[in-house]
Amino acid sequence: MKKFFGSIVVSAAVIGLMGCSGEGSSEEGSSGDGDALDFWIFGATNYEDLADQYMEENPDVKINVNFIEMEDMHDNLFTSVSTNTGAPDITMIEVSQISRFLDAQDRFYNLYDFGAEDVKGDYLDWKWNLAESTDGDYLMGLPTDIGPAVMYYRKDVFEEAGLPSEPEEVQPLVSDWEGFKQIAEEIHEKTGKVMVDTPETLFAAIRDQAPEQYFNTEDELIIDESPYVREAYDATVEMIQDGLVGQNSMWTPEWGTDMAEGNYGALLAPSWMVASIKGNAPDADGKWGIVHTPEQAGNWGGSYISIPKESDQPEEAYEFIEWLVAPERQLQSFNDSGMFPSAPAVYTEEEFLNTSDEYFGGQNTAEIFAESAETIEPIYMGKNYALVHEELMTALTNVAIEGNDPDAEWDAALERIQSQLERQ
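Our numbering numbers the first residue of the sequence shown as 1443 and each following residue consecutively.
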């Protein structure tokens, strides 16, 4: 807890943002004998609609759903639980942030105290375990969605290179990273286009297949001794230097333009990337296909729902979140918002199994995502995951855009990381 509180800069302006920095329903009234439950959310969810549904079924409960941008929400939550001021009754926490808040688990209710053990079997083991303490006695949050990674690819680019383009033909070609690189070289040779959109997605896809990443379970940095992250870095560098990887950063206008115009062969990304592909390339329906990533899927994204200790209605809050993330509602969230379920029972539902997407040539996208989800191995991320990732992305960007020496960039990134960790 010393490190947790030592990094806080309390700001009256930040505190003032609590509960009013986003859009959402603002129901007034009482929940049981108390006030309305305040619920912080981020991202594209259907939780406002589900909260309305819950209130219709439970008229004595009132829920305020407040949408806040993800980074702001986590910063606000960090400040509020640290100062015991302004925390909501219920909050989403993104998977890469869960270890950060587990470090302050005394500021959140233990969901095992409310019977969470009874629903543990409803969710993928690896997803559930990421929200547990290392001794397994404490549970920070109930699982929402996940982000199983797949390979989205441009059929027209493959055809331009004289390659097969249907999923059943493409999958064997990219079953491992050696095959993936061979296809990348052929596409580049025949079309002049890169294979991958950006260094970040390639690096993440390789890194997420490793049994460990940036930290061990004691939150000790291990990238200078464990081989896996450096191997992912070197593999990404090799493809960059071979001219097989684009240079635009994710979420930039240029990145979206490349997606729309088919300027690369493949996008290694999670299930939730469907919305971005369709949004950036609305006229490219039928030009995209989906297969599994080479070798094994990793997970990118997803979240949990937790109850801060400031809530004076934890029982009512828990009853709502257990209902909200139950398999039946996860199917609703998938249908309404594309949130991929962490409850495997959904994968056998007829409504789920019959999901097809004409944008992707009528493929059963849900089945592909489900198959990927069930191959994912749990990875400890650590409370400083984002810090390390950002510095490694800086290094890879400098290699890709500036042509800098990759070994020097790795060493510089490691030095920056260690310096920042020492100041915490």
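Idealized CB from N, CA, C, for every residue including glycine.
> Which residues mark the beginning and the end of the beta strand (DSSP E) in which Glu1737 is found?
Replying inline: Run containing Glu1737: none; DSSP gives neither H nor E here.
>> Give me the residue from Pro1724, Ala1842, Gly1528 with the minimum Cα distance to Phe1645.
In response: Ranking the options by Cα distance to Phe1645, first place goes to Ala1842.
>> DSSP three-state label for Ala1854, please.
In response: Correct three-state label for Ala1854: helix.
> For Asp1650, which residues from the same chain have a beta carbon less than 6 Å from its beta carbon, with the 5 sequence-adjacent residues on both sides left out?
Replying inline: Answer for Asp1650: Gly1740, listed in chain order.
>> Just to confirm before moving on: does the CB-CB distance between Asn1488 and Asp1799 stay below 8 Å?
In response: No, they are not a contact pair.
> In this structure, what does DSSP give as the bridge partners for Ser1607?
Replying inline: By DSSP's assignment, Ser1607 forms no beta bridge with any residue.
> Distance, Cα to Cα, Met1701 vs Pro1695?
Replying inline: CA-to-CA, the gap between Met1701 and Pro1695 works out to about 10 Å.
> Mind checking Ala1486: buried by the 16 CB within 10 Å criterion, or exposed?
Replying inline: Exposed, since its Cβ has fewer than 16 Cβ neighbours within 10 Å.
> Where DSSP assigns a beta bridge to Leu1663, which residues make up the other side?
Replying inline: DSSP output for Leu1663 lists Phe1657 as bridge partner(s).
> Got a sec? Which residues, its chain only, sit under 8 Å from Gln1840 by beta carbon, not counting five neighbours each side?
Replying inline: The identity of residue 1840 in the sequence shown is Asn, whereas the question assumes Gln. In the same chain as Asn1840, and ignoring 5 residues on each side of it, the C-beta atoms closer than 8 Å to its own belong to Asn1846, Glu1851, in chain order.
> Where does Asn1846 fall in DSSP's three states?
Replying inline: The three-state secondary structure of Asn1846, taken from DSSP, is coil.
>> Residues in the same chain with beta-carbon distance under 6 Å from Asp1855, minus the five sequence neighbours each way, listed in chain order, please.
In response: The sequence shown places Ala at residue 1855, not Asp. If we look at Ala1855 and ignore the five residues flanking it on each side, its Cβ neighbours are Glu1833, Leu1834, Ala1837.
> Could you give the distance in angstroms between the alpha-carbon of Leu1581 and the alpha-carbon of Trp1693?
Replying inline: Leu1581 and Trp1693: Cα-Cα distance of roughly 33 Å.
>> By the DSSP assignment, the alpha helix (DSSP H) with Asn1552 in it spans what residues?
In response: For Asn1552, there is no enclosing alpha helix (DSSP H), as DSSP marks it with neither H nor E.
>> Looking at the secondary structure, which residues open and close the alpha helix (DSSP H) in which Ala1702 lies?
In response: First-last of the alpha helix (DSSP H) with Ala1702: 1695 to 1703.
> Met1715 to Ala1723, Cα distance in whole Å?
Replying inline: C-alpha separation (whole angstroms): 12 Å.
> Which residues mark the beginning and the end of the beta strand (DSSP E) in which Ile1540 is found?
Replying inline: First-last for Ile1540: 1540 to 1544, but that is the alpha helix (DSSP H), not the beta strand (DSSP E).
> Expressed to the nearest angstrom, what Euclidean distance is found between the alpha-carbon atoms of Pro1848 and Val1687?
Replying inline: Each residue's Cα considered, the two are about 15 Å apart.
>> At 4 residues or longer, what runs of the alpha helix (DSSP H) sit wholly inside the segment 1743 to 1793?
In response: Within the segment 1743 to 1793, the complete alpha helix (DSSP H) runs of at least 4 residues are 1756 to 1766, 1769 to 1779.
> Does the segment 1672 to 1687 touch the segment 1616 to 1630, meaning 3 or more C-beta pairs lie closer than 8 Å?
Replying inline: Cβ pair count under 8 Å is three or more, so yes.
>> On the DSSP letters alone, give me the boundaries of the alpha helix (DSSP H) that Thr1533 sits inside.
In response: Unbroken run through Thr1533 is the beta strand (DSSP E), 1532 to 1536; no alpha helix (DSSP H).
> Secondary structure at Tyr1868, three-state DSSP: helix, strand or coil?
Replying inline: Absent from the structure is residue 1868, since the part of the chain shown begins at 1443 and ends at 1866.
>> I'd like to check one pair, Gly1824 with Val1537: are the Cβ atoms closer than 8 Å?
In response: No, these two residues do not count as a Cβ contact at 8 Å.
> Would Pro1590 be called buried (16 or more neighbouring beta carbons within 10 Å of its own) or exposed?
Replying inline: Buried, because 16 or more other Cβ atoms sit within 10 Å of the Cβ of Pro1590.
>> For Phe1556 and Tyr1760, I'd like the C-alpha separation in whole angstroms.
In response: Those two C-alpha atoms are separated by around 7 Å.
>> Taking the straight line between their C-alpha atoms, what separation do you get for Asp1502 and Pro1585?
In response: Across the structure, Asp1502 and Pro1585 are spaced so that their CA atoms are roughly 26 Å apart.
>> Quick check on this structure: which residue in Phe1802, Gly1780, Phe1811, Gly1803 has the alpha carbon closest to the alpha carbon of Thr1790?
In response: If we check each option's Cα against that of Thr1790, Phe1811 comes out closest.
> Leaving out the 5 sequence neighbours to the left and right, which residues in its chain are closer than 6 Å to Phe1776 when beta-carbon positions are compared?
Replying inline: For Phe1776, same chain residues with a beta-carbon under 6 Å away, outside a window of 5 residues either side, are Pro1783 in chain order.
> Where DSSP assigns a beta bridge to Trp1482, which residues make up the other side?
Replying inline: Bridge partners of Trp1482: Asn1508, Thr1533.
>> Between His1831, Val1830, Pro1712, Tyr1822, which has its C-alpha nearest Thr1576's C-alpha?
In response: Among His1831, Val1830, Pro1712, Tyr1822, the Cα nearest to that of Thr1576 is on Tyr1822.
> When you compare only the Cα positions, how much space is there between Ala1787 and Asp1564?
Replying inline: Ala1787 and Asp1564 have their C-alpha atoms spaced approximately 7 Å apart.
>> Taking its Cβ as the centre, do 16 or more other Cβ atoms sit within 10 Å of Gln1866, making it buried, or is it exposed?
In response: Exposed is the call here.
> Does the segment 1665 to 1672 come within contact of the segment 1746 to 1755, defined as at least 3 CB pairs closer than 8 Å?
Replying inline: Two segments are said to touch when three or more pairs of C-beta atoms, one from each, lie closer than 8 Å; by this definition the segment 1665 to 1672 does not touch the segment 1746 to 1755.
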